[in-house]
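K.L.:
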Amino acid sequence: MISPDRRAAEHEEAETITYRVAESERDKSAVIAGEFSSDTVFEVVGSEGGFTIRPARLDRPVHKVFPDDEPEAGETSEGERRFVALDGELVCGYVDTGYEPWNQRLIIADIEVAGPYQGRGIGRTLMNHAIDWARECGAGHMWLEVTSINAPAIRAYQRMGFTFCGLDTSLYSATEPEGETALYMSFFLD
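The UniProt record's numbering puts the sequence shown at residues 1 to 190.
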């Protein structure tokens, strides 16, 4: 249980962070290393009847670093929007979104919060901005992909109301660690 003093301190820390739509080229091209550590994997077990997804402790924690996937200049379209979290002038987090009108889906293409800023509610606040944008676009739901070994992110998405809606056992087949599965999660808007 979080003490009221700690909660107040975290709230004060979060108040120094500002949020807005990415406006400058610096905001739009900022890259935060996508990485995480986890001591749990969400195992995907296939059978004739479908799949079971369940958390399982790892013998030793895994640390994953994703390759840079920097947006190219002029690559965004009308349905794409980046929201940034700023500590002063420093971009300490962002969420990249893309709206697909044909199925009224807002895709969370990427969400990153720099290591020292994690655990302060920045990811949730960025996701709330994405939810507002989804509603503005007329989206009926939001969708994202997460690796099965990123248990901290999966749990955070579940706390935000996302549920599993699919998987791909081949997406990460050429990457380490072996057995990693792409999990798809969705969040239906009111």
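The beta carbon of each residue, even a glycine, is placed where N, CA and C say it ideally should be.
Classify R135 as helix, strand or coil using the three-state DSSP reduction.
P.N.:
helix
K.L.:
Please state whether DSSP places P177 in a helix, a strand or coil.
P.N.:
coil
K.L.:
Mind checking S148: buried by the 16 CB within 10 Å criterion, or exposed?
P.N.:
buried
K.L.:
Quick one, which of M160, S24, P177 has its alpha-carbon nearest V65's?
P.N.:
P177
K.L.:
List the whole-angstrom C-beta distance separating V95 from H129, where the pair is believed to meet the contact cut-off of C-beta under 8 angstroms.
P.N.:
7 angstroms
K.L.:
Helix, strand or coil for G88? Go by DSSP, reduced to three states.
P.N.:
coil
K.L.:
Which term fits V21, buried or exposed, when burial requires 16 or more other beta carbons within 10 angstroms of its beta carbon?
P.N.:
With fewer than 16 other Cβ atoms within 10 Å, it is exposed.
K.L.:
Take W102 and list the residues in its own chain whose beta-carbon comes closer than 8 angstroms to its own, dropping the five residues that flank it on each side.
P.N.:
none
K.L.:
Comparing C-alpha positions only, which one of F83, G49, A153, T40 sits nearest to R26?
P.N.:
Ranking F83, G49, A153, T40 by Cα distance to R26 puts F83 first.
K.L.:
Can you find the residues in the same chain that come closer than 8 angstroms, C-beta to C-beta, to Y117, ignoring five residues on each side of it along the sequence?
P.N.:
Once the five neighbours on either side are set aside, the close Cβ partners of Y117 are I17, A85, D87, C92, G93.
K.L.:
Return the residue from the list E136, K28, D59, F51 that minimises the CA-CA distance to T181.
P.N.:
F51
K.L.:
Taking just the CA atoms, how far does G138 sit from V41?
P.N.:
Spanning the alpha carbons of V41 and G138 requires a straight line of approximately 34 angstroms.
K.L.:
Can you tell me whether DSSP reads G123 as helix, strand or coil?
P.N.:
helix
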